[in-house]
Amino acid sequence: MSTQVVLIPGDGIGPEVTSSAVALAEAAGANIEWIRCHAGESALESHDDVLPEETIDQIRSTRIALKGPCTTPLGGGYASVNVQLRKSLNLYAAVRPVRSLPGIHTRYQDVDMVVIRENTEGLYSGIENVITDGVITSLKVATETACTRIAEFAFEYARARGRRKITSLHKANIMKLSDGLFIRCAKEVAAGYTDIEYEELIIDAACMKLVQDPSKFDMVLCENLYGDVVSDLCAGFVGGLGVVPGANIGRDQAVFEAVHGSAPDIAGSNKANPLAVIMSLVMLLNHLASTRSDQAAAAAADRIKAAYNKTLESGSLTMDLGGRLDTTEFTDVLIGNL
Ligand code: NAI
53 MSTQVVLIPG DGIGPEVTSS AVALAEAAGA NIEWIRCHAG ESALESHDDV LPEETIDQIR
113 STRIALKGPC TTPLGGGYAS VNVQLRKSLN LYAAVRPVRS LPGIHTRYQD VDMVVIRENT
173 EGLYSGIENV ITDGVITSLK VATETACTRI AEFAFEYARA RGRRKITSLH KANIMKLSDG
233 LFIRCAKEVA AGYTDIEYEE LIIDAACMKL VQDPSKFDMV LCENLYGDVV SDLCAGFVGG
293 LGVVPGANIG RDQAVFEAVH GSAPDIAGSN KANPLAVIMS LVMLLNHLAS TRSDQAAAAA
353 ADRIKAAYNK TLESGSLTMD LGGRLDTTEF TDVLIGNL
C-alpha cells in the first residue's frame with residue numbers, strides 16, 4: 053500500500069525543485085501517493101489565503117509533508133507562511149544537517165554538523181508594536197516549556213545518531229532573561245545526558261569560530277533567529293543553499309523542506325539546484341522508515357543518496373556549484389544514476 057504524503061510546491065523555484073524530487077521518488081521506487089496542496093503566494097490565487105485550512109488539515113491527516121519554499125513580503129503584507137505553518141502544527145524543532153559532499157570543493161573540508169533551531173518562539177512570535185511615531189518594539193518570547201523541549205529534542209537526536217557534542221549559541225550577556233532561560237534549560241537537560249559533551253558559546257564568537265573551522269562543531273542548538281541565520285552561514289561551508297536540507301519536526305507531524313527560500317532571482321529559469329529538496333526527500337523517506345517501518349522508503353532513500361553522491365563525484369553539477377547543468381538535466385543525470 054502506498055503512503056500518502058502532502059506535497060506543497062510553494063513559490064518561486066519551489067515548483068521546479070519539488071517536481072524534480074517527486075520524479076526522483078518515483079524513479080527510486082518510493083511508494084508514495086502525493087496529495088498536492090497549496091500554500092504561499094500561489095494559494096492566494098486559488099484560495100484567497102496564503103495558508104488554506106485544508107492544507108493544514110491534510111498535513112494533520114497524513115502527518116507528513118514535503119514543502120517547497122514560500123515567499124514572504126518584506127516590511128508588510130501577510131505574515132510568513134512558514135512561521136504560520138510551523139506554529140499551527142507545533143513543528144517545534146528544525147533539523148538542518150550540513151555536510152561536506154563529494155565533488156563539491158569549498159575552502160572547508162570534513163564539515164559534518166547539524167543545526168537544531170527552535171521553531172516556534174523567540175523574535176519570530178510576530179509581536180511588534182508602534183509605541184509612537186518612529187518608535188517600534190519587537191518582542192522576543194522565551195518559555196521554559198519550549199526551551200526545555202528543544203534541548204531535549206537535541207540531546208535525544210544526538211544520542212540516537214551517535215553525535216558527540218552539542219554547542220548552545222546565545223547572547224545571554226545582553227538578553228539576560230530570554231537567552232538566559234534558553235541556556236539554563238539546555239544546561240539542565242544536558243545534566244541528564246552525561247554521554248554527550250555540552251558547551252555554550254556567545255553567538256558572535258561562535259560565528260567567528262564557525263568560519264575558522266566548522267569541523268570542530270558537531271551539533272549547534274539555537275533559538276529561532278540565531279538558528280535561521282546560522283543555518284545559511286553553515287550552508288556556505290559546503291557549497292551553498294542548494295545543498296542543505298531540512299526537517300521541521302513536531303510531536304505528531306513532520307514537514308520536510310530545504311533551508312533555502314523561493315529564490316525569485318532565478319525562479320522560472322530552470323537554473324535552481326533541486327538537491328536540497330531531494331536531500332529533504334531523503335530525510336522524509338528515512339523518517340517514514342524509522343517511524344512507520346516503511347522498507348520501500350528506506351530502500352528508496354539509500355538509492356537516491358547513492359545516486360546523488362555518484363553524480364556529484366562525477367562532476368555533474370548545477371550552475372550554483374560551478375557546473376553547467378540546469379534543473380532538468382541534473383534531475384535526468386540523477387535518475388540515470390539510481
Ligand atoms: P533564498 O534562499 O531564496 O535565496 C538566496 C540566494 O541563494 C539567491 O541568490 C538564490 O538564487 C540562491 N539560491 C537559493 N536556493 C537556491 C537553489 N536551490 N539553487 C540555486 N540557487 C539558490 O533567500 P532570499 O532571497 O533571502 O528569500 C527569497 C524569498 O524566500 C523571501 O520571500 C523569503 O521570505 C523566502 N524564504 C522562504 C523560506 C521557506 O519557505 N522555508 C526560507 C527562506 C526564505
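The sequence shown runs contiguously to residue 390 in our numbering.
Where is the CB? At the ideal position from N, CA and C, for every residue including glycine.
The count of Cβ pairs closer than 8 Å, one atom from the stretch 309–326 and one from the stretch 57–74, reaches three, so the stretches are in contact. If only complete runs of 4 or more residues are kept, the stretch 71–154 shows the alpha helix (DSSP H) at 93–99, 105–114, 133–140, in order along the chain. Looking only at Arg112, Lys261, Ile65, Leu76, the smallest Cα-Cα distance to Cys122 is reached by Ile65. Below 8 Å, enough C-beta pairs join the stretch 161–179 and the stretch 128–148 to call them touching: three or more. Gly367 has its Cβ no nearer than 7 Å to any heavy atom of ligand 1. Within the stretch 263–304, complete alpha helix (DSSP H) segments of at least 4 residues are found at 276–287, given in chain order. Setting aside the 5 residues that flank it on each side, Ala210 is surrounded in the same chain by Ile218, Ile248, Met271, each with a C-beta closer than 7 Å to its C-beta; the list follows chain order. In the three-state reduction of the DSSP assignment, Tyr160 falls in the coil class. Nearest C-alpha to Leu285 among Pro266, Ala299, Gly298, Ile301: Pro266.
Residue pairing by DSSP puts Met165 in a beta bridge opposite Val150. The residue among Glu208, Leu333, Ile387, His90 with its C-alpha nearest the C-alpha of Asn134 is His90. In this structure, DSSP gives Gly367 a state outside helix and strand, which the three-state scheme calls coil. Shortest gap from the CB of Val69 to any heavy atom of ligand 1: under 7 Å. Annotation note: the stretch 317–374 contains the following uninterrupted alpha helix (DSSP H) runs of length 4 or greater, listed N- to C-terminal: 327–344, 347–365.
A residue is called buried when at least 16 other Cβ atoms come within 10 angstroms of its Cβ; Ala212 does not meet this threshold and is exposed. Buried is the label assigned to Thr383, since at least 16 other Cβ atoms lie within 10 Å of its Cβ. Residues of the same chain with a CB within less than 7 Å of the CB of Ser98, apart from the 5 flanking positions on each side, are His90 in chain order. Cβ neighbours of Val334 within its own chain (closer than 6 Å, five residues either side excluded): Ala353, Ile356, Lys357.
In the DSSP assignment, Lys217 falls within the beta strand (DSSP E) that extends over 217–222. Under the three-state reduction of DSSP output, Gly62 falls in the coil class, being neither helix nor strand. Shown in chain order are the residues whose CB sits closer than 5 Å to a heavy atom of ligand 1: Pro121, Cys122, Thr123, Thr124, Asn134, Leu293, Gly294, His312, Gly313, Ser314, Ala315, Asp317, Ile318, Ala324, Asn325, Asp372. Distance from Val58 to Gln110 at the Cβ level is roughly 5 Å; contact confirmed, criterion being Cβ atoms closer than 8 Å. Rounded to the nearest whole angstrom, the C-alpha separation of Val329 and Asp185 is 43 Å. With respect to Leu293, Gly155 sits apart: the two C-beta atoms are not nearer than 8 Å.
Excluding sequence positions up to five before and after Ile387, its CB lies within less than 6 Å of the CB of Ala79, all in the same chain and listed in chain order. Burial of Asn338 is indicated by the presence of at least 16 other C-beta atoms within 10 angstroms of its C-beta. By the Cβ criterion, the stretch 251–261 is not in contact with the stretch 191–198, since fewer than three pairs of Cβ atoms, one from each stretch, lie closer than 8 Å. Distance from the CA of Ser283 to the CA of Val311, rounded to the nearest whole angstrom, comes to 7 Å. With at least 16 other beta carbons inside 10 angstroms of its own, Leu273 counts as buried. Our two residues, Cys237 and Thr107, have alpha carbons roughly 34 Å apart in a direct line. Our two residues, Ser152 and Tyr360, have alpha carbons roughly 13 Å apart in a direct line.
Listed in chain order, the non-local C-beta contacts of Ala315 below 7 Å within the same chain comprise Gly64, Ile65, Ala324, local neighbours out to five positions each way being set aside. Here Ala242 is buried: its Cβ has 16 or more other Cβ atoms, across all protein chains shown, within 10 Å. Per DSSP, Thr197 is one residue of the alpha helix (DSSP H) stretching across 196–212.
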